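A.B. asks:
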Amino acid sequence: MDSSSSSQPEFDYLFKLLLIGDSGVGKSSLLLRFTSDSFDDLSPTIGVDFKVKMVTIGGKKLKLAIWDTAGQERFRTLTSSYYRGAQGIIMVYDVTRRETFSNLADVWAKEIDLYSTNQDCIKMLVGNKVDKESERVVTKKEGIDFAREYGCLFLECSAKTRVNVEQCFEELVLKILDTPSLLAEGSAGVERNIFKQKPPQADASTSSCC
Amino acid sequence: MVRGFVTANGMEKKRTSDEFEPGPIPPSQPVDRFGFIKQEQNSPDGITKSRPANEHEREERRIRKWRKMIGVGGSDWKHYVRRKPHVVKRRIRKGIPDCLRGLVWQLISGSRDLLLMNPGVYEQLVIYETSASELDIIRDISRTFPSHVFFQQRHGPGQRSLYNVLKAYSVYDRDVGYVQGMGFLAGLLLLYMSEEDAFWLLVALLKGAVHAPMEGLYLAGLPLVQQYLFQFEQLVKEHLPKLGQHFSEEMISPSMYASQWFITVFSYSFPFSLALRIWDVFLYEGVKVVFKVGLALLRFCHDGLIKLPFEKLIHALRNFPEDAMNPDTLLPLAFSIKVSKRLEELKQEYEKRNVASLQQTGSANRQQLAIKDKEFSIRPETSNCVPKDDSSR
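Going down the list, the sequences are from chains B and U.
Going by the numbering used here, the first sequence opens with residue -1, and the numbers climb by one from there.
Going by the numbering used here, the second sequence opens with residue 42, and the numbers climb by one from there.
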């Protein structure tokens, strides 16, 4: 089925994306809706999960490698290494739970500063569960203000009703496509090691070792 | 006009006004022999449909043997184990009869003794104490074994028991509190015993009544997860060198697929029939069976895995084929792999490296790490005694 010897690359670019945010905000549901267009009762993520999706956005064939992380604080020792090399990071909160929004500034933005190795990495803020409009406690304006302050893209969505889910990924990817340094990292020619957890110093040392 | 959202199983979810009223009893659906709702109506499940008569008889004989070994209410158990430990080990490896499983688990884990020594303690923890983790627990209750009939009804007896056990534990051991993954342990136990029994079994495991304590899997920094992942990675390299090489070329680390094996002892995403058989052995022989089963899975799928590139590899390591997860083939393979001695050596090696690596990997982040709370430090207890000497390795 998959002949790796085929001369035509199966995609133009490969991007590594990361989903972060408090436990129960719907990171895994968002990913499941995006990759398989389904919605289900999901168990909490233990450690990390990983999914791949091929898309065509902006006329380019793209392969998206998406890491999904456990939201509970205790798991951060396992998830922190997955920030490395990500071209896009999606911060998710639940519009019906105030603390998941306030933790973005208190916790998640700091995590990105600490662990992301990519200066130009695109950040996207996503408010999930807009289907529960009557339970909403975080206004859209608050989301917009946060995004402006932290230099993120912003959307509100619902993994349950699929409203705006595709757009979340699409807008993020379009912005990555617009950023030359990220584009260079993700181009098919650079090989697939973009997936991998290579420590940044390792690249520099390869020439000197033999 | 606008109807409620229709979920995957065709039910309409209603919003109840009272948060703690039991939800509607879900309509009866076909379940497997463990009580999990079947994914497909017409799945070829030969076991339940036409179990051969001789197999049934053999099962009966097995149960009679076990009953004799246990005695009434477990009265002969300790005596039997002392006299014939190898018989007990062999029989447990073949699987504890399902109808006796709950009792035997309590006997082999040491939880029975804890229960008897601590009358009234569980009730005290459930009723009178409050836990900082209550909201976290509540949020995960409906996400734990959601496809099992016992846990399906919102605020039903299954969900209430699960909540009580987890809350009680989070009060009993405030350093551990509640960590996602513990719900699967508690849920699995609750299918075989009462709340109070399940609680004490959890205590026996985490505090180490019989084997090494498991609490390090859940404490801040998850120190024992880190150690187990290190040990497992080394064992893969030693037992399956080609695959180990392939993993390092593709930069696959065990944290990408094996964390949940250790944190939930295979109860998170493996077939229930396999999880139970692993738990039988786990409770009697300890955590080494988790390593053995992990290695056996990799060995069973070795030839396929070795050809896969990164992304397919990750998928395969999280979705093993059904024949690989058949307990009657996987477990004998697992038992044939010897790990005890190396595990001990690797543990010591890990402790040595641990000190050294903190000095290296921490250099970039050390300042920030120091400011943040101890949760962020991987090995807080060793962070003060880093030798500056590089030649120690």
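Where a beta carbon is used, it is the ideal one built from N, C-alpha and C, also for glycine.
All values derive from a computational prediction rather than experimental measurement.
#1: Anyone know if the C-beta pair for tyrosine 233/U and arginine 132/U falls short of 7 Å?
#2: Less than 8 Å between the CB atoms is what I'm expecting for glutamate 154/B and phenylalanine 99/B, so what's the real figure, rounded?
#3: At the level of alpha carbons, what is the spacing between leucine 16/B and valine 46/B?
#4: What did DSSP end up calling asparagine 95/U once you bin it into helix, strand or coil?
#5: Look at glutamate 164/B and isoleucine 55/B and say whether their C-beta atoms are less than 7 Å apart.
#6: Enumerate in chain order the residues of its own chain whose CB-to-CB distance from proline 110/U is below 6 Å, with the five nearest sequence positions on each side excluded.
#7: Is there a Cβ from chain B that is less than 7 Å from the Cβ of glutamate 352/U?
#8: Could you give the C-beta distance for valine 306/U and leucine 226/U, rounded to a whole number, given that I count them as a contact under 8 Å?
#9: What does DSSP give as the partner residues of tyrosine 219/B in its beta bridges?
#10: Are valine 330/U and phenylalanine 323/U closer than 7 Å when you measure CB to CB?
#11: What is the C-beta distance between phenylalanine 332/U and phenylalanine 273/U, in whole angstroms, given that I count them as a contact (C-beta under 8 Å)?
#12: How far does the alpha helix (DSSP H) with asparagine 101/B in it extend, from its first residue to its last?
#13: In angstroms with no decimal places, state the Cα-to-Cα distance between aspartate 39/B and aspartate 117/U.
#14: Excluding the five sequence neighbours on either side, which residues of its own chain have a C-beta within less than 6 Å of the C-beta of lysine 121/B, listed in chain order?
#15: Is it right to say glycine 69/B is buried, meaning 16 or more other beta carbons lie within 10 angstroms of its own, or is it exposed?
#16: Quick check on valine 220/U: buried or exposed, where buried means 16 or more other Cβ atoms within 10 Å of its Cβ?
#17: Is glycine 199/U buried or exposed, if buried means 16 or more other CB atoms sit within 10 Å of its CB?
#18: Can you find a C-beta in chain B that's less than 7 Å from the C-beta of aspartate 181/U?
#19: Taking C-alpha atoms, which residue in Leu166/U, Asn205/U and Met223/U lies nearest to glutamate 256/U?
#20: Please confirm if the segment 344 to 362 of chain U is in contact with the segment 174 to 190 of chain U, defined as three or more CB-CB distances below 8 Å between the two stretches.
#21: Just list the residues that DSSP pairs tryptophan 65/B with in beta bridges.
#22: If we require 4 or more residues per run, which alpha helix (DSSP H) segments fall completely within the segment 172 to 227 of chain U?
#23: With tyrosine 121/U as the anchor, note down where its alpha helix (DSSP H) starts and where it stops.
#24: Arginine 184/U versus chain D: which residues are under 9 Å apart at the beta carbon?
#25: Is the segment 256 to 271 of chain U touching the segment 343 to 352 of chain U, taking contact as three or more C-beta pairs under 8 Å?
#26: Taking only beta-carbon positions, decide if tyrosine 309/U is within less than 7 Å of chain B.
#27: In angstroms, rounded to a whole number, what distance separates the CA positions of isoleucine 137/U and leucine 346/U?
#28: What does glutamine 70/B reach in chain U if we use C-beta pairs closer than 8 Å?
#29: So leucine 263/U contacts chain B; which residues on that side make the cut at Cβ distance below 8 Å?
#30: Where does isoleucine 168/U land, buried or exposed, given buried means 16+ other C-beta within 10 angstroms?
#31: Give a yes or no on whether the minimum CB-CB distance between leucine 346/U and chain B is below 7 Å.
#32: Considering only residues of the same chain and omitting the five flanking positions on each side of glycine 285/U, which have a CB-CB separation below 6 Å?
#33: Whose CA, out of Phe191/U, Thr171/U and His127/U, lies closest to the CA of glycine 76/U?
#34: Just reading off the alpha helix (DSSP H) that tyrosine 163/U is part of, what are its end residues?
#35: Give the residues from the segment 295 to 308 of chain U that approach chain B closer than 7 Å (Cβ to any Cβ), ordered along the chain.
#36: Buried or exposed: which applies to leucine 7/U, given that a residue is buried once 16 or more other Cβ atoms fall within 10 Å of its Cβ?
C.D. replies: By the coordinates alone:
#1: Against a cut-off of 7 Å, the Cβ pair of arginine 132/U and tyrosine 233/U comes out as no contact.
#2: Contact between glutamate 154/B and phenylalanine 99/B does not hold, since the beta-carbon distance rounds to 12 Å and is not under 8 Å.
#3: Leucine 16/B and valine 46/B have their alpha carbons spaced roughly 10 Å apart.
#4: DSSP places asparagine 95/U in helix when its eight states are reduced to three.
#5: In this structure, isoleucine 55/B does not lie closer than 7 Å to glutamate 164/B by Cβ.
#6: According to the sequence as given, residue 110/U is methionine; it is not proline. Within the same chain, methionine 110/U has close Cβ partners Tyr121.
#7: Glutamate 352/U belongs to the set of residues whose beta carbon lies under 7 Å from a beta carbon in chain B.
#8: Here valine 306/U really is in contact with leucine 226/U; their C-beta atoms are around 7 Å apart, less than 8 Å.
#9: Missing from the structure shown is residue 219/B; chain B here goes from -1 to 208 and no further.
#10: Taking 7 Å as the Cβ cut-off, valine 330/U and phenylalanine 323/U qualify as a contacting pair.
#11: Rounded to the nearest angstrom, the Cβ distance from phenylalanine 332/U to phenylalanine 273/U is 6 Å, consistent with a contact under 8 Å.
#12: Its alpha helix (DSSP H) spans residues 96 to 101.
#13: Inter-residue distance for aspartate 39/B and aspartate 117/U is about 44 Å (C-alpha atoms, whole angstroms).
#14: Its chain contains Ile87 and Cys150 as the residues whose beta carbon lies nearer than 6 Å to that of lysine 121/B, once the 5 sequence neighbours on both sides are disregarded; these appear in chain order.
#15: Result: buried.
#16: Valine 220/U counts as buried, since at least 16 other C-beta atoms from the protein chains shown sit within 10 angstroms of its C-beta.
#17: Taking all protein chains shown into account, glycine 199/U has 16 or more neighbouring C-beta atoms within 10 Å of its C-beta and is therefore buried.
#18: Yes, aspartate 181/U lies at the interface with chain B (some Cβ there is under 7 Å from its Cβ).
#19: Looking at the Cα atoms, Met223/U is the closest of the given residues.
#20: The segment 344 to 362 of chain U vs the segment 174 to 190 of chain U: no contact.
#21: Answer by DSSP bridge pairing, in chain order: Leu16/B and Phe48/B.
#22: As far as the segment 172 to 227 of chain U is concerned, its whole alpha helix (DSSP H) runs of at least 4 residues are 175 to 182, 190 to 193 and 198 to 213.
#23: DSSP places tyrosine 121/U in the uninterrupted alpha helix (DSSP H) bounded by 118 to 124.
#24: The chain inventory of the structure shown lacks chain D, comprising the protein chains B and U.
#25: No contact exists between the segment 256 to 271 of chain U and the segment 343 to 352 of chain U.
#26: Proximity of tyrosine 309/U to chain B, defined by a Cβ-Cβ separation below 7 Å, is satisfied.
#27: Their backbone Cα atoms lie some 32 Å apart in a straight line.
#28: The answer, in chain order, is Asp177, Val220 and Gln221.
#29: Chain B residues near leucine 263/U: Arg72, Phe73, Thr75 and Leu76.
#30: Counting the other Cβ atoms within 10 Å of the Cβ of isoleucine 168/U gives fewer than 16, which makes it exposed.
#31: Under the Cβ criterion of 7 Å, leucine 346/U is not counted among the residues facing chain B.
#32: The answer, listed in chain order, is Val277 and Lys278.
#33: The shortest Cα separation from glycine 76/U among Phe191/U, Thr171/U and His127/U belongs to Phe191/U.
#34: Run containing tyrosine 163/U: 162 to 168, per the alpha helix (DSSP H) assignment.
#35: Under the 7 Å Cβ criterion, the segment 295 to 308 of chain U contributes Ser296, Met297, Ser300, Gln301, Ile304 and Thr305.
#36: Given that chain U is displayed from residue 42 to residue 434, the structure contains no residue 7/U and the question cannot be resolved.
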